[in-house]
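As structure tokens, the structure follows; a few thoughts come after it.
In UniProt numbering, the protein residues as written are 1 to 839.
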């Protein structure tokens, strides 16, 4: 069968997407392919009915080399091809009689041959503009995606077998007259989608100078996709060694149900939390974990009892959204392995759990990975552990103008990213682009995403990476289009910090999100530092970076920090008391994934990042660390003993401070990264939790940490809802009631009234000199030692199960009878008040 359309008299090589045309006088071959010719490829063809010619609508048609240009088709749509629509994916063929609209012009003749379709009985309907994403409804799946600047949209269906070959199984061209409402493209499909994925192709201007990057050859991900499939195994290149393999989105089905077994949010008061920052893969990937599913969500489930034993009741998962671990895959000559994006702070899709953290991989098109994440949350809740997610709404994996087109850039770059007047990318994230968080579409996207993780995945809270970016004004370089006139001056300059950011306001007043924990990393790479000043609505907490810096300085013995250290112990009221906030608005930490581990903090003065392959130029140079006299792990016995004391001092400080303590994974046994303070690129022992080392230290540091966290949980006074007052807390120096806040003071002590323990005495001696302190007198009572970081294990914590506890207590008796206590240099203590005769 043939059809004719007007053509130009030129014979230049040209491909208009999938439709090739030949000059009428050329030899006409049979064209056969697996590429779908949608009805709308005929749009604007300027065709009219003719009894002498007919157009046969084939299912497949391919590019053909050296074909002449042709005029774009005029109009044949899904609405006037209803007789074809129900059969467009079947073996039947429909015909429309046509003839060239103008006489006397050359025509192109195409002969087509229909191939056997790979999908059967798929019906196409107009669909609905809401909700965004792929949604099971009306007996089918509705697809809806926002793109204001695209001129055409094509839904691509891809089978699991075609995905590795970068083949599209079927394409459905969306009619802008029937499949578009406002700026939302939509279509409803009914049929069998087993082992099928989807993506989109958008066409429009490729004009970076105006912020547009449309490329119809690219299949882009739906920002609202619930699972993304690419490679199946973490850190392994595909058969073509492509670091960026073709990705596609899961098509949901009604059958995918998860048994939550009655799970409900734990809703702990935030003041009661002890947070554990952890990496899903790093937690169990080391062979010493002996887990059935190492490096996965299920691997974490297998080790939840360790967290329960440690005493944490909240895990903060480093990024679990879909990312490409091979983003900067390269050979590392220093270690003889390959650099990968191990941490995951480079999101591709925000709704999708990382499939390669699942034991199921790509099985069931990613649904099994979703269910494994849900299983992790459910089992954590059973053990009384809340689950927070570290989310990265400040930038994406698409980078700057040289980065790949994966999703947001190909859907609507000028909407999703902060752009300068000539389309340049603002880089407040330090990673090449900045998410345009306060644009109406983007902030709605972020809210929808967070609600999904709360309602569908049951997570309990979020930590927002570089959260200050969410307070910056959105791109207004297209102000003429937005306001109708240019904006003069810098009143609305892109990136200006806002006192009342729309996104933060919406999140803070959202009925779903207001009831979960929201934690801001209150700074960004553009110099905005908002610790103590982040817009909070009385519900936002902050990673207290000032706490980290002050505590490090004081514990290592730096002059001038005793007063600031005391503020930290009280929950940083100088930062959080104003505006109705509470001590728990401060997330206290000494170490996190960025920077030194706790063991390295007391072992290295300088960073040792050569293993990163960047000549030690990466990572933070100002760590406020102290190696205790010798650099590196190989040190004298006395230096190693001092390091252990310092580790105990830091951990004890964290647990007796008002606010919410956060522990970094591995610090509970003294994990070392060899002085590397920027281990983002290592999928190896550097970042793996060493379960063998944890077992070795079970009678030492891990025991200390476990008992101190238990003590915190037992003390009502160590998780106050309000800042302590003089009725609750009294400061002391070497003598009772005489604190020393001078520049040279390195001693801080205080007593706390506790409704459970009675009264507690806590002291820190950060001096290089030992000191004998005088304790407050309490007639009828005596002070009993509980914690002394200067003692070796198990006498560093005199719990009731210590075999020689009574003997150890008696060793203090001659001091305590005189109301004295000797403290070694660089030590901390806890004493509890007991009635006379009960010691």
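The beta carbon of each residue, even a glycine, is placed where N, CA and C say it ideally should be.
No experiment lies behind these values; they were computed from the predicted model shown.
### Task
Determine which residues share a DSSP beta bridge with residue 464 and list them.
Reading the chain shown from its first residue, position 464 is the one you call residue 464. Beta-bridge partners assigned by DSSP to residue 464: 391 and 520.
### Query
So which of 746, 215 and 411 has the shortest CA-CA distance to residue 555?
Mapped onto the chain shown, residue 555 falls at position 555. Selection 746, 215 and 411 evaluated against residue 555 yields 746 as nearest (Cα-Cα).
### Message
Taking 7 Å as the threshold (C-beta atoms), are residue 275 and residue 662 in contact?
### Response
As a working mapping, residue 662 is identified with position 662 in the chain shown. As a working mapping, residue 275 is identified with position 275 in the chain shown. Residue 275 sits close to residue 662, with the two beta carbons spaced by under 7 Å.
### residue 794 in three-state terms, based on DSSP
As a first step, residue 794 must be located in the chain shown, where it is residue number 794. In the structure shown, the three-state DSSP call for residue 794 is coil.
### Reference residue 234; option with closest CA among 507, 814, 325 and 762
Position 234 of the chain shown, counted from the first residue, corresponds to residue 234. Of 507, 814, 325 and 762, the smallest CA-CA separation from residue 234 is found for 325.
### Message
Could you tell me the alpha carbon to alpha carbon distance between residue 98 and residue 436, rounded to whole angstroms?
### Response
Within the chain shown, the letter at position 98 stands for residue 98. Within the chain shown, the letter at position 436 stands for residue 436. Because the pLDDT at residue 98 is just 36, under 50, the model does not fix this residue reliably, and the point stays unresolved.
### Message
Would residue 744 and residue 559 be called neighbours here (beta carbons separated by less than 7 Å)?
### Response
Numbered from 1 along the chain shown, position 744 holds the residue referred to as residue 744. Numbered from 1 along the chain shown, position 559 holds the residue referred to as residue 559. Remark: C-beta atoms of residue 744 and residue 559 approach each other more closely than 7 Å.
#### Entry: CA-to-CA distance, residue 356 to residue 143, given in whole angstroms
Locating residue 143 in the chain shown gives position 143, where the first residue counts as 1. Locating residue 356 in the chain shown gives position 356, where the first residue counts as 1. Residue 143 and residue 356: Cα-Cα distance of roughly 25 Å.
### Task
Can you give me the start and stop residues for the beta strand (DSSP E) that residue 172 sits inside?
The residue you call residue 172 lines up with position 172 of the chain shown. Counting along the chain, the beta strand (DSSP E) containing residue 172 begins and ends at 170-174.
### Query
Touching or not, the stretch 166-173 and the stretch 221-228, by the rule of three or more beta carbon pairs under 8 Å?
Counting C-beta pairs closer than 8 Å gives fewer than three between the stretch 166-173 and the stretch 221-228, which falls short of the contact rule.
### Task
Use the C-beta contact count for residue 286: other C-beta atoms within 10 angstroms, 16 or more gives buried, fewer gives exposed.
Looking up residue 286 in the chain shown gives position 286. By the neighbour-count rule (16 or more Cβ atoms within 10 Å), residue 286 is buried.
### Query
Got a sec: is the Cβ-Cβ distance from residue 619 to anything in chain B below 7 Å?
The displayed structure is made up of one protein chain only, and chain B is not part of it.
### Query
With respect to the beta strand (DSSP E) encompassing residue 834, which residues constitute its N-terminal and C-terminal limits?
Your numbering for residue 834 matches position 834 in the chain shown. For residue 834, the enclosing beta strand (DSSP E) begins and ends at 827-835.
### Query
Skipping 5 residues on each side, what residues in its chain have a beta carbon closer than 7 Å to that of residue 457?
In the chain shown, the residue the question calls residue 457 occupies position 457. Once the five neighbours on either side are set aside, the close Cβ partners of residue 457 are 373, 374 and 377.
### Message
When you compare the CB positions of residue 600 and residue 675, do they come within less than 7 Å of one another, or not?
### Response
What you label residue 600 is simply residue 600 of the chain shown in a count that begins at 1. What you label residue 675 is simply residue 675 of the chain shown in a count that begins at 1. Yes, Cβ-Cβ distance for residue 600 and residue 675 is below 7 Å.
### Message
Quick check: the Cα distance between residue 827 and residue 422, rounded to an integer number of angstroms?
### Response
As a working note, residue 827 is residue 827 in the chain shown. As a working note, residue 422 is residue 422 in the chain shown. Approximately 58 Å, taken between the alpha carbons.
### Query
For the 8 Å Cβ check, are there 3 or more pairs between the stretch 143-154 and the stretch 202-209?
In this structure the stretch 143-154 touches the stretch 202-209; the number of beta carbon pairs closer than 8 Å is three or more.
### Query
Across which residues does DSSP place residue 371 in a beta bridge pair?
Taking the first residue of the chain shown as 1, we reach residue 371 at position 371. Looking at the DSSP output, residue 371 sits in no beta bridge, so it has no partner there.
### Query
If you check the beta carbons only, do residue 310 and residue 706 fall under 7 Å apart?
As a first step, residue 310 is located in the chain shown; it is residue number 310 there, counting from the start. As a first step, residue 706 is located in the chain shown; it is residue number 706 there, counting from the start. Cβ atoms of residue 310 and residue 706: closer than 7 Å.
### Query
Given a threshold of 16 other Cβ atoms within 10 Å of its Cβ, counted over all protein chains shown, does residue 167 qualify as buried or as exposed?
As a first step, residue 167 is located in the chain shown; it is residue number 167 there, counting from the start. Exposed, because fewer than 16 other Cβ atoms sit within 10 Å of the Cβ of residue 167.
### Task
Measure how close the beta-carbons of residue 736 and residue 770 come, nearest whole angstrom, since I'm counting them as under 8 Å.
On the chain shown, residue 736 is found 736 positions in, with the first residue counted as 1. On the chain shown, residue 770 is found 770 positions in, with the first residue counted as 1. About 19 Å separates the beta carbons of residue 736 and residue 770, which is beyond the 8 Å limit, so they are not a contact pair.
### Task
Determine the burial state of residue 667: buried for a count of at least 16 other Cβ atoms within 10 Å of its Cβ, exposed for fewer.
Numbered from 1 along the chain shown, position 667 holds the residue referred to as residue 667. Classification of residue 667: buried, given that the 10 Å Cβ count is 16 or more.
### Task
Give the range of the alpha helix (DSSP H) segment to which residue 564 is assigned.
The residue given as residue 564 occupies position 564 in the chain shown. Looking at the DSSP string, the run of the alpha helix (DSSP H) that includes residue 564 is 562-569.
### Residue nearest to residue 349 in terms of C-alpha spacing, selected from 723, 450 and 803
As a working mapping, residue 349 is identified with position 349 in the chain shown. Taking only the C-alpha atoms, the option nearest residue 349 is 450.
### Task
Pull up the distance between the alpha-carbon of residue 913 and that of residue 549, whole angstroms please.
Coverage of the chain is limited to positions 1 through 839, which leaves residue 913 absent and any answer about it impossible.
### Query
What are the start and end residues of the alpha helix (DSSP H) that includes residue 556?
Counting from one through the chain shown, the residue named residue 556 turns up at place 556. Premise fails: residue 556 is in no alpha helix (DSSP H) and is neither H nor E.
### Query
DSSP on residue 454, reduced to helix/strand/coil?
On the chain shown, position 454 is the one that residue 454 refers to. Here DSSP, grouped into helix, strand and coil, assigns residue 454 to helix.
### Task
For residue 298, name the three-state secondary structure that DSSP assigns.
Stepping through the chain shown from its first residue, residue 298 is reached at position 298. Here residue 298 sits in helix by DSSP.
### Task
Could you tell me whether the stretch 495-503 touches the stretch 465-474, using the rule of 3 or more Cβ pairs below 8 Å?
Yes, they touch.
### Query
Any chance the stretch 329-348 sits against the stretch 286-303, with 3 or more Cβ pairs inside 8 Å?
Judged by Cβ distances under 8 Å, the stretch 329-348 makes no contact with the stretch 286-303, as fewer than three pairs qualify.
### Task
Measure the alpha-carbon distance for residue 175 versus residue 163 and round it to whole angstroms.
In the chain shown, residue 175 corresponds to position 175, counting from 1. In the chain shown, residue 163 corresponds to position 163, counting from 1. About 26 Å.
### Query
Exposed or buried, residue 217, counting other C-beta atoms within 10 Å across all chains shown (16 or more means buried)?
Locating residue 217 in the chain shown gives position 217, where the first residue counts as 1. With fewer than 16 other Cβ atoms within 10 Å, it is exposed.
### Message
If contact is defined by three or more beta carbon pairs under 8 Å, each pair taking one atom from either stretch, is the stretch 586-603 in contact with the stretch 642-657?
### Response
Taking a contact to require three or more Cβ pairs closer than 8 Å, the stretch 642-657 and the stretch 586-603 qualify as touching.
### Query
Along the chain, where does the beta strand (DSSP E) that runs through residue 190 open and close?
Residue numbering aside, residue 190 sits at position 190 when the chain shown is read from its first letter. Bounds of the beta strand (DSSP E) holding residue 190 are 184-190.
### CA nearest to the CA of residue 257, picked from 368, 327 and 266
Start at 1 with the first residue of the chain shown, and residue 257 comes out as number 257. Minimum Cα distance to residue 257 is reached at 368.
### Task
Could you say which of 722, 526 and 322 lies nearest to residue 580 if we only look at CA atoms?
As a position in the chain shown, residue 580 is number 580, starting the count at 1. When only C-alpha atoms are compared, the closest one is 722.
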